Amino acid sequence: MKEYRWPYANELNEKEYRKTDVLVLGGGVAGCFAAIAAAERGKNVILVEKGSVIHSGAAGTGFDHWESACTNPCSKVTPEEITKAYVDEQDHYSNGIAHYIECREGYDRLADLERFGGKIRDTEDEFAGAEFRDEETKLLFAYDYANKFTLRVWGSTFKPALLRQLKKLNVTLLERTEATALLTEDTPEGRRGTGAVCMNVRTGKIEVISAKTTVLAMSRPARIWLYNPDMTGLSEFRPPQCIGSGHAMGYRAGVEFTMMEKSVRGEFSAAGRSIPPYSTGNNHNTWYAATMVDARGVEIPYLDRDGNELKTVSERYYPAKGQKFFLKGGVIDEPKYEYRGPETMPFDELMKRGYRLPFYADLSRMPESERKAIWGLMVGEEGKTKIPVYGNLTERGFDPEKHMLQSYGTGWQSASFLDQERQLFGAPGGIITDWDLKTNLDGIYACGDQLFAMDCAGAACATGYYAGRKAAEASDTIEFFTPDEAFVENEIRRLYAPLYVEDGMDWRELNSAVSKLMQNYCGGVKCDDLLKEGLDLLNHYRKTAVPQLSAKNPHELMRTHEVLDIMDVAEMILHACLMRKSSSKPLCFERSDSDQTDPAEDQRFITIRTVNGVVTEGSIPLDYFNDPKTEYEKRNRNYIEDRK
Amino acid sequence: MMEFKAEFIQSSNHPIRFDETKCIGCHRCAEACQVDVMIGFEKGKPPVVMYPGECWYCGACVMECPVEGAIRFRHPLMNQTKFVEVKQ
Numbered sequence: 003m004k005e006y007r008w009p010y011a012n013e014l015n016e017k018e019y020r021k022t023d024v025l026v027l028g029g030g031v032a033g034c035f036a037a038i039a040a041a042e043r044g045k046n047v048i049l050v051e052k053g054s055v056i057h058s059g060a061a062g063t064g065f066d067h068w069e070s071a072c073t074n075p076c077s078k079v080t081p082e083e084i085t086k087a088y089v090d091e092q093d094h095y096s097n098g099i100a101h102y103i104e105c106r107e108g109y110d111r112l113a114d115l116e117r118f119g120g121k122i123r124d125t126e127d128e129f130a131g132a133e134f135r136d137e138e139t140k141l142l143f144a145y146d147y148a149n150k151f152t153l154r155v156w157g158s159t160f161k162p163a164l165l166r167q168l169k170k171l172n173v174t175l176l177e178r179t180e181a182t183a184l185l186t187e188d189t190p191e192g193r194r195g196t197g198a199v200c201m202n203v204r205t206g207k208i209e210v211i212s213a214k215t216t217v218l219a220m221s222r223p224a225r226i227w228l229y230n231p232d233m234t235g236l237s238e239f240r241p242p243q244c245i246g247s248g249h250a251m252g253y254r255a256g257v258e259f260t261m262m263e264k265s266v267r268g269e270f271s272a273a274g275r276s277i278p279p280y281s282t283g284n285n286h287n288t289w290y291a292a293t294m295v296d297a298r299g300v301e302i303p304y305l306d307r308d309g310n311e312l313k314t315v316s317e318r319y320y321p322a323k324g325q326k327f328f329l330k331g332g333v334i335d336e337p338k339y340e341y342r343g344p345e346t347m348p349f350d351e352l353m354k355r356g357y358r359l360p361f362y363a364d365l366s367r368m369p370e371s372e373r374k375a376i377w378g379l380m381v382g383e384e385g386k387t388k389i390p391v392y393g394n395l396t397e398r399g400f401d402p403e404k405h406m407l408q409s410y411g412t413g414w415q416s417a418s419f420l421d422q423e424r425q426l427f428g429a430p431g432g433i434i435t436d437w438d439l440k441t442n443l444d445g446i447y448a449c450g451d452q453l454f455a456m457d458c459a460g461a462a463c464a465t466g467y468y469a470g471r472k473a474a475e476a477s478d479t480i481e482f483f484t485p486d487e488a489f490v491e492n493e494i495r496r497l498y499a500p501l502y503v504e505d506g507m508d509w510r511e512l513n514s515a516v517s518k519l520m521q522n523y524c525g526g527v528k529c530d531d532l533l534k535e536g537l538d539l540l541n542h543y544r545k546t547a548v549p550q551l552s553a554k555n556p557h558e559l560m561r562t563h564e565v566l567d568i569m570d571v572a573e574m575i576l577h578a579c580l581m582r583k584s585s586s587k588p589l590c591f592e593r594s595d596s597d598q599t600d601p602a603e604d605q606r607f608i609t610i611r612t613v614n615g616v617v618t619e620g621s622i623p624l625d626y627f628n629d630p631k632t633e634y635e636k637r638n639r640n641y642i643e644d645r646k
Numbered sequence: 008m009m010e011f012k013a014e015f016i017q018s019s020n021h022p023i024r025f026d027e028t029k030c031i032g033c034h035r036c037a038e039a040c041q042v043d044v045m046i047g048f049e050k051g052k053p054p055v056v057m058y059p060g061e062c063w064y065c066g067a068c069v070m071e072c073p074v075e076g077a078i079r080f081r082h083p084l085m086n087q088t089k090f091v092e093v094k095q
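Protein sequences, first through last, are from chains A and B. Going by my numbering, the first residue of the first sequence is number 3, and it counts up by one from there. Going by my numbering, the first residue of the second sequence is number 8, and it counts up by one from there.
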């Protein structure tokens, strides 16, 4: 092993105390918008980001389509219609609050991005005359061309634009800094959030930040079941930075979560289990509605929701006769009839009819504007596509007019996983909030993928701004609390411990063990005995393996902290699974020790939180958010007035 | 005081390679990488890809590189999608 001197300053045991009105943890698109909203309202804001804001987060290098922009000038649908559709589509295990905010304010955030220097319309008239372009506004649409509520956007311009705006608003950026623990205070009114402890991942310096309000914007957990020590970075779809540390610190502090029992059979892990999704020929999401052909070059038919074959490419982008609109994109996989759009013939039917594998996407058969929209705009602006897919495949000689790109497996996942190889994907669990996106702890707000049943960058931007706005408003009436020194010292001891272990265990070994544990004890089919064994083994690892963890520098320390957070999330998932006593289809939750599926008494949000370290179950009815329009308008009069 | 050490961690893949004749050693790539897989030791020279296995393959390093062709970035061989000539 080649060893180098550490090039960054050694700031071990150095500690800086800071105070801010609003503290934002996580600098992806959600966190950036939260910080911007608070700073625009005149607040002092600190943004903590483990990586580097310019391209951090799941949408750091781009995103290609913006869903549910119901208030854009061309939209033919209302925020109420689309929110209802998403809630119905997810059998009411859905975040009506976040979806409504996305539908209602999403387009405002796109307009902000344009103001900050991002590109949201076809200003160069590259697609002039295209069916999906509105000639007046130059906005481009995806999926449902009749209703125009999903926009094609130039997402690779967004993070640099957000960074410029953060700097303009004098937001204090603590980059290369991991948030590790929430500071809390027990008051007569209950526990409240009062800031966070953080560590610089290059120098080891500790930051103790007192904040009037804190916004959690740290995405969702990963590497719980899927882990490859050789290709850690490709273990899951989201960046290795987004590991669930926000969930773990929230869980330790007493923040309430729901749907943590939901996990789905793996869809994306490019570490040997799939090909990177957007780099293959397919007809989902970025690639909708690519022309697909079989091995012989025979075109695969697109059907409407009633099974009628569609004759033209154009027809793939319109609702069926009598249908108001259809849903496509992020979390929409096999929608209910009411919301189902055009789709290629089901795989089994294709096999019966003699279609031959492998399949390919053949863009050469599509009109030029559609070809260029998929290859060049969507593949190019979607995250991880500009250089890795568009650039690399072009360099290898791929020309969409002359070549067709192979499809792998039977669907857009481009892989086949085993039942125990699971992920938190497809609107998974997360933090449950009130209509202010405030958690059960006063002073702590949540947004983006840290919320339960969330998906899509547009939703992250919209909920981020909203949470930042509410956190800013609340900070007016809150005083600072002095951090609990004993807690801070304890946290520093926990963080630094692996530095003092020589020849100990590498974080990869423990991550591998935890992922295997989850596959073995919390796989596709659950039962109490197995789940309890899983918890027992997890505790055993805490006692025996954790004290052996060893790190040589702050970078390795960061990775080690992430695995400790993965363990906390695994514990939360095991407990959440124990709490749900029957199987549930919408939650992809199967029990072998119950013969009931979705009985009436279990159709509810089961919540989990710790109360003074004790795991505590709660129950909240589905649709607890009431009528979205009424509830939203009650609480956002100023915002509505200001937008006029 | 404890001394930190950086150790190159081997991976089967090499996501990022530098063309030393083109790279100006500005280390903008290392600063743009959210995963922090690279360490720039000496200005004027390319950074060292210290943790290649942690690469997320997002391409932010290339997006921020001021010199075209200074970074060669590629997916692991097994993840390189096959394409063929159109059949019609």
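All C-beta atoms in this analysis are idealised placements derived from N, C-alpha and C, irrespective of residue type, glycine included. Values in this document were obtained by computation on a predicted structure and should not be read as measured data.
- The residues V47, L171 and V173, in chain order, have a CB closer than 6 Å to that of A/A41 in the same chain once the five nearest residues on each side in sequence are set aside.
- Going by beta carbons, A/G33 and A/F259 fall outside the 8 Å limit.
- Of the candidates A/R111, A/I568, A/P344 and A/N394, the residue whose Cα lies closest to the Cα of A/Y468 is A/R111.
- In this chain, the alpha helix (DSSP H) harbouring A/Y102 covers G98 to R117.
- Following the DSSP letters along the chain, one finds B/R35 in no beta strand (DSSP E) but inside the alpha helix (DSSP H) bounded by residues R35 to A39.
- Contact check between the region 228-247 of chain A and the region 402-409 of chain A: fewer than three CB pairs, one atom from each, fall below 8 Å, which does not count as touching.
- Restricting attention to beta strand (DSSP E) runs no shorter than 3 residues, the region 25-71 of chain A encloses them at 47-50, ordered along the chain.
- When 7 Å is used as the limit between beta carbons, B/T28 is near no residue of chain A, the shortest such separation being about 18 Å.
- In chain A, no part has a C-beta under 9 Å from the C-beta of B/V56; the shortest such distance is about 12 Å.
- Listed as beta-bridge partners of A/T216 by DSSP are A/L25 and A/I446.
- For B/C40, the chain A residues whose Cβ falls inside 9 Å of its Cβ are G53, S54 and H57, in order along the chain.
- For A/H249, no CB of chain B lies under 8 Å from its own CB, so it is not counted at the interface with that chain.
- For A/K518, the closest C-alpha among the options A/Q422, A/Q598 and A/D451 is that of A/Q422.
- Here the alpha carbon of B/F11 sits roughly 25 Å from the alpha carbon of A/S514.
- Rounded to whole angstroms, the separation of the alpha carbons of A/G53 and B/F15 is 20 Å.
- In this structure, the alpha-carbon of A/P81 lies about 47 Å from that of B/M57.
- A Cβ-Cβ separation of about 6 Å places A/P242 in contact with A/T234 under the 8 Å criterion.
- The beta carbons of A/A213 and A/V24 sit about 6 Å from each other, so the pair counts as a contact at 8 Å.
- Counting along the chain, A/H286 sits inside no alpha helix (DSSP H), nor does DSSP assign it H or E at all.
- Between the alpha carbons of A/I608 and B/F90 lies a gap of roughly 47 Å.
- Flagged as an interface residue toward chain B: A/G385, by a C-beta distance shorter than 8 Å.
- For A/C200, no alpha helix (DSSP H) segment is defined; the enclosing uninterrupted segment is the beta strand (DSSP E) at G192 to N202.
- The beta-carbon distance between A/E16 and A/I208, rounded to whole angstroms, is 7 Å. This is short enough to meet the 8 Å contact definition.
- The beta carbon of A/T152 lies closer than 8 Å to those of H67, W68, E69, S70, A71, F143, A144, Y145, D146, K330 and G331 in the same chain, with the five residues before and after it left out.
- Here A/M507 carries a strand assignment [DSSP, helix/strand/coil].
- Residue state for A/T599 is assigned as strand, using DSSP reduced to three classes.
- Shown here, A/S221 sits in coil according to DSSP, grouped into three states, outside any helix or strand.
- Here the C-alpha atom of A/K587 lies approximately 10 Å from the C-alpha atom of A/K264.
- Of the candidates A/F160, A/R106, A/F327 and A/R166, the residue whose Cα lies closest to the Cα of A/E635 is A/R106.
- Assignment of beta-bridge partners to B/Q87 by DSSP yields no partner.
- Separation of A/I434 and A/G62 (C-alpha to C-alpha, rounded to the nearest whole angstrom) is 25 Å.
- The Cβ atoms of A/T215 and A/I480 lie closer than 8 Å to each other.
- With 16 or more neighbouring CB atoms inside 10 Å of its own CB, B/H82 falls in the buried class.
- DSSP, reduced to helix, strand and coil, places B/V93 outside both helices and strands of the structure shown, so it counts as coil.
- Chain A has no Cβ within less than 8 Å of the Cβ of B/F25.
- Annotated as distal: A/E91 and A/Y320, with beta-carbon spacing of 8 Å or more.
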